[in-house]
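Note sheet for the following structure.
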Amino acid sequence: DTAVSQTPKYLVTQMGNDKSIKCEQNLGHDTMYWYKQDSKKFLKIMFSYNNKELIINETVPNRFSPKSPDKAHLNLHINSLELGDSAVYFCASSQFSGETQYFGPGTRLLVL
Amino acid sequence: QQQVKQSPQSLIVQKGGISIINCAYENTAFDYFPWYQQFPGKGPALLIAIRPDVSEKKEGRFTISFNKSAKQFSLHIMDSQPGDSATYFCAANINAGNMLTFGGGTRLMVKP
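From first to last, the protein sequence lines stand for chains A and B.
Here the first sequence is numbered in our numbering, starting from 1 and rising by one per residue.
Here the second sequence is numbered in our numbering, starting from 1 and rising by one per residue.
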């Protein structure tokens, strides 16, 4: 009965590879997000997706792309992985007009 | 450009003491200020939040103090317990439901 789930929990890969992280929420929310947490614990918003509108943080490289097959899922695709992409990636969701964002458990990505 | 600045980066408090974490923001359009709590290996979870139309909000041992003119807000944890040991993030956004801007985080350790 996990509210926001992510897979995989850990991801170790080589530079230059393409990878995806999946996110699913069963809260009936209509807005989903991706955040990146670096080694210093700093949390940065990457994307916000609400039904038909995608809001992108302008600092995010275009190697990162969110894809939403349906309202309950927002997957993160990363092309040509770089060492600096190593981080913990969190998915979150909320109602569009809601105040509380519910976070998933995170995916720990290590690029070698 | 960090729009929300948080201090201190780390804090050690004795059990039963008061923990105080401060945040300052720059964007006067921010109108929602949540605090998130993150335990190791977990995603952040909403702890308490405030809107700028009130100067204080209390929930149990947790209190937010808000100073609109100074563009500052703080989290006070009364009677701190070892179970409160976690990383705390202040955040802000414009219109609930939009992308959150997080502070840098404070790692709190409560010693028994």
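Don't be surprised by glycine CBs; every beta carbon is placed ideally from N, CA and C.
Check: Are the CB atoms of L11 of chain A and L112 of chain A nearer to each other than 7 Å?
Finding: Looking up residue 11 of chain A in the first sequence gives position 11. Looking up residue 112 of chain A in the first sequence gives position 112. No, Cβ-Cβ distance for L11 of chain A and L112 of chain A is not below 7 Å.
Notebook entry, point to check: Given a limit of 8 Å on CB to CB distance, which residues of the stretch 68-82 of chain A reach chain B?
Noted result: none
Next item on the list: Scan the stretch 40-54 of chain B for residues whose Cβ lies nearer than 8 Å to a Cβ of chain A and list them as they occur along the chain.
Entry: G41, K42, G43, P44, A45, L46, A49
Check: Taking just the CA atoms, how far does P8 of chain B sit from Q101 of chain A?
Finding: As a working note, residue 101 of chain A is residue 101 in the first sequence. As a working note, residue 8 of chain B is residue 8 in the second sequence. Whole-angstrom Cα-Cα distance: 24 Å.
Check: Residues of chain A with a CB under 9 Å from the CB of T87 of chain B: which are they?
Finding: Here residue 87 of chain B refers to the residue found at position 87 when the second sequence is read from its first residue. Neighbours of T87 of chain B on chain A, chain order: K41.
Margin query: Taking 7 Å as the threshold (beta carbon to beta carbon), is S48 of chain A in contact with chain B?
Written below: Here residue 48 of chain A is taken as the residue at index 48 of the first sequence, counted from 1. With 7 Å as the cut-off, S48 of chain A counts as an interface residue toward chain B.
Check: From N75 of chain A to S68 of chain A, what distance separates their C-alpha atoms?
Finding: Taking the first sequence and counting its residues from 1, one reaches residue 75 of chain A at position 75. Taking the first sequence and counting its residues from 1, one reaches residue 68 of chain A at position 68. Those two C-alpha atoms are separated by around 6 Å.
Next item on the list: Check whether the stretch 82-99 of chain A touches the stretch 26-38 of chain A, counting contact only when three or more Cβ pairs, one atom from each stretch, lie closer than 8 Å.
Entry: yes
Next item on the list: Helix, strand or coil for L76 of chain A, going by three-state DSSP, please let me know.
Entry: Taking the first sequence and counting its residues from 1, one reaches residue 76 of chain A at position 76. Looking at L76 of chain A - three-state DSSP - the assignment turns out to be strand.
Item checked: Interface flag, M99 of chain B vs chain A, CB-CB below 7 Å -> If you number the second sequence from 1, residue 99 of chain B lands on position 99. Closer than 7 Å: yes.
Item checked: Own chain partners of K26 of chain B with C-beta closer than 6 Å, once the 5 adjacent residues on each side are dropped -> Counting from one through the second sequence, the residue named residue 26 of chain B turns up at place 26. According to the sequence shown, residue 26 of chain B is Glu rather than Lys. Q3, listed in sequence order.
Checklist line | Cross-strand partners of V60 of chain A (DSSP beta bridge) | finding: The residue given as residue 60 of chain A occupies position 60 in the first sequence. Paired residue(s): none; V60 of chain A is not in a bridge.
Note to self: Run through the DSSP bridge pairs and tell me what A86 of chain B is partnered with.
What the structure shows: Taking the first residue of the second sequence as position 1, residue 86 of chain B is located at position 86. Per DSSP, B:L108.
Margin query: Check whether the stretch 58-65 of chain B and the stretch 94-108 of chain B are in contact - that is, three or more C-beta pairs closer than 8 Å.
Written below: no
Notebook entry, point to check: Going along the chain, which residues of its own chain have a beta-carbon closer than 6 Å to the beta-carbon of N17 of chain A, five neighbours each way excluded?
Noted result: Looking up residue 17 of chain A in the first sequence gives position 17. Closer than 6 Å at Cβ, skipping near neighbours: L81.
Check: How many Å lie between P82 of chain B and K111 of chain B at the Cα?
Finding: The residue labelled residue 82 of chain B in the question sits at position 82 within the second sequence. The residue labelled residue 111 of chain B in the question sits at position 111 within the second sequence. Cα to Cα, P82 of chain B sits roughly 6 Å from K111 of chain B.
Notebook entry, point to check: With respect to the beta strand (DSSP E) encompassing F30 of chain B, which residues constitute its N-terminal and C-terminal limits?
Noted result: The residue you call residue 30 of chain B lines up with position 30 of the second sequence. Taken as a continuous stretch (DSSP letters only), F30 of chain B belongs to no beta strand (DSSP E), as it is neither H nor E.
Next item on the list: Run the CB neighbour count on I45 of chain A, radius 10 Å, all protein chains shown included, and call it buried at 16 or more, exposed below.
Entry: In the first sequence, residue 45 of chain A corresponds to position 45, counting from 1. Counting Cβ neighbours within 10 Å, I45 of chain A comes out buried, since at least 16 surround it.
Notebook entry, point to check: Taking DSSP as the reference, what is the three-state secondary structure of D85 of chain A?
Noted result: As a working mapping, residue 85 of chain A is identified with position 85 in the first sequence. Of the three classes helix, strand and coil, the one that applies to D85 of chain A here is helix, per DSSP.
Note to self: In whole angstroms, give me the CA-to-CA distance for D53 of chain B and D31 of chain B.
What the structure shows: Walking along the second sequence from the start, residue 53 of chain B turns up at place 53. Walking along the second sequence from the start, residue 31 of chain B turns up at place 31. So the alpha carbons of these two residues sit roughly 9 Å apart.
Next item on the list: Would you kindly report the start and end of the unbroken beta strand (DSSP E) that includes S55 of chain B?
Entry: Reading the second sequence from its first residue, position 55 is the one you call residue 55 of chain B. Careful: S55 of chain B lies outside any beta strand (DSSP E) and carries neither H nor E.
Item checked: Identity of the residues DSSP links to N67 of chain B by a beta bridge -> Looking up residue 67 of chain B in the second sequence gives position 67. Beta-bridge pairing links N67 of chain B to B:Q72.
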